[in-house]
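Undergrad: Attaching a single structure in structure tokens format; questions to follow.
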């Protein structure tokens, strides 16, 4: 079994920035709302009009790919930043989108930076 997870970097229009790991590949705000780091970021930046979201996805292990759950993400997070550079962790793709305050919905980038591999 292989586990799919992403390193997400959220950047607010006020300059605030936060990076964290989450399960799967987030494509819109709904995919981030249940992650504590994102909830705290939103709470700490209430006047933000726009948030840019950059996603770098990874696969850990071999075999059938399943989205990482919160326990697997916690385990990966505790491994530190160099965990993403290990030979058992393979890049899976990159994407980005925006979340705006007026409609609280994302505006997808025109094209992904790197096509998703699978």
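Numbering (the UniProt record's numbering), first residue to last: 1 to 118. Ideal Cβ placement from N, Cα and C applies to all residues, glycine included.
Under the rule that 16 or more other beta-carbon atoms within 10 Å means buried, what is residue 12, buried or exposed?
TA: Residue 12 should be labelled buried.
Undergrad: Quick check: the Cα distance between residue 100 and residue 74, rounded to an integer number of angstroms?
TA: Using only the alpha carbons, I get a separation of about 28 Å.
Undergrad: Hey, residue 57 and residue 19 are a contact pair by Cβ (cut 8 Å); roughly how many whole angstroms apart?
TA: About 14 Å separates the two Cβ atoms, so there is no contact after all.
Undergrad: So, with DSSP's three-state summary, where would you put residue 94?
TA: Three-state result, residue 94: strand.
Undergrad: Pull up the distance between the alpha-carbon of residue 44 and that of residue 25, whole angstroms please.
TA: When rounded, the distance between both Cα atoms is 24 Å.
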